[in-house]
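*Asks:* One structure is given below, represented as structure tokens, and several questions about it will come after.
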Amino acid sequence: MSPSSRFHILFGLFFACLGVVIGAFAAHGLKPLLSLKEVNNFETGVKYQFYHAFALIVLGLLGALFPKGEKSFKLAGFLFFIGIILFSGSLYLLSTQSILNISIPFLGPITPIGGSLLIFGWLLTASGVLKK
């Protein structure tokens with residue numbers, strides 16, 4: 000297994016573990032403090048973090064199965080990594096602004112940028128699988 004495949008698997012496991020921690024914190028600590036909309040937005044961040052944590056793990060396994068796609072997989076992994084931080088991270092901060100007593104208006108546009116990176120990551124993953 001290549002170093003980049005191991006890297007993808009390890010970071011996928013890290014983001015999955017972090018998703019459990021953040022999700023539990025939200026369910027038990029934040030839920031009573033946030034509006035329904037804020038809770039839903041926070042939970043969306045957790046869900047997408049999990050989806051893409053598992054995508055990173057699968058990406059590592061695909062790297063072993065499709066070695067010719069390694070360049071595409073490396074870039075896809077990078078996009079998933081940054082996309083998780085931007086998409087889920089911005090949702091976490093936007094959802095908790097009211098209890099943190101902060102206003103971060105520039106975060107609104109960050110969320111779709113993160114989402115776009117996640118989409119491009121999936122397209123690059125497909126591209127890597129198709130390389131012969």
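Each residue of the sequence shown is one higher than the one before, counting from 0 in numbering that gives the first Met the number 0.
The beta carbon of each residue, even a glycine, is placed where N, CA and C say it ideally should be.
1) Between the segment 99-112 and the segment 49-62, are three or more C-beta pairs nearer than 8 Å?
2) Can you tell which of T124, V38, G11, E37 has the C-alpha that lies nearest to the C-alpha of S71?
3) Do L61 and G68 have their C-beta atoms closer together than 9 Å?
4) Answer with buried or exposed for K73, where buried requires no fewer than 16 other C-beta atoms within 10 angstroms of its C-beta.
5) Assuming S4 and G59 form a contact by the criterion Cβ under 8 Å, report the distance between their Cβ atoms to the nearest whole angstrom.
6) Hey, how far is the Cα of Q48 from the Cα of L85?
7) Restricting to runs no shorter than 4 residues, where is the alpha helix (DSSP H) found entirely within the segment 43-95?
8) Skipping 5 residues on each side, what residues in its chain have a beta carbon closer than 6 Å to that of A25?
9) Under a three-way DSSP split, which group does N100 fall into?
10) Please name the residue in L33, C16, A63 whose C-alpha comes closest to that of K46.
11) Assuming P31 is part of the alpha helix (DSSP H), what are its boundary residues?
12) Distance, Cα to Cα, S97 vs T43?
*Replies:* Let me lay it out:
1) no
2) Residue mapping note: residue 71 aligns to position 72 of the sequence shown, counting from 1. Among T124, V38, G11, E37, the Cα nearest to that of S71 is on T124.
3) Numbered from its first residue, the sequence shown carries residue 61 at position 62. Numbered from its first residue, the sequence shown carries residue 68 at position 69. Yes.
4) For the purposes of this step, residue 73 is taken as residue 74 along the sequence shown, with counting starting at 1. Buried, because 16 or more other Cβ atoms sit within 10 Å of the Cβ of K73.
5) Mapped onto the sequence shown, residue 4 falls at position 5. Mapped onto the sequence shown, residue 59 falls at position 60. With a Cβ gap of about 4 Å, S4 and G59 count as contacting.
6) The sequence position of residue 48 within the sequence shown is 49, counting from 1. The sequence position of residue 85 within the sequence shown is 86, counting from 1. Distance between the alpha carbons of Q48 and L85: 10 Å.
7) 69-82
8) On the sequence shown, position 26 is the one that residue 25 refers to. F41.
9) One-based indexing of the sequence shown puts residue 100 at position 101. In this structure, N100 counts as coil in the three-state DSSP scheme.
10) Numbered from 1 along the sequence shown, position 47 holds the residue referred to as residue 46. Of L33, C16, A63, the residue nearest in Cα terms is C16.
11) Here the question's residue 31 lines up with position 32 in the sequence shown. Segment: none, P31 is in no alpha helix (DSSP H) and carries neither H nor E.
12) Within the sequence shown, the letter at position 98 stands for residue 97. Within the sequence shown, the letter at position 44 stands for residue 43. Computed Cα separation, rounded: 18 Å.
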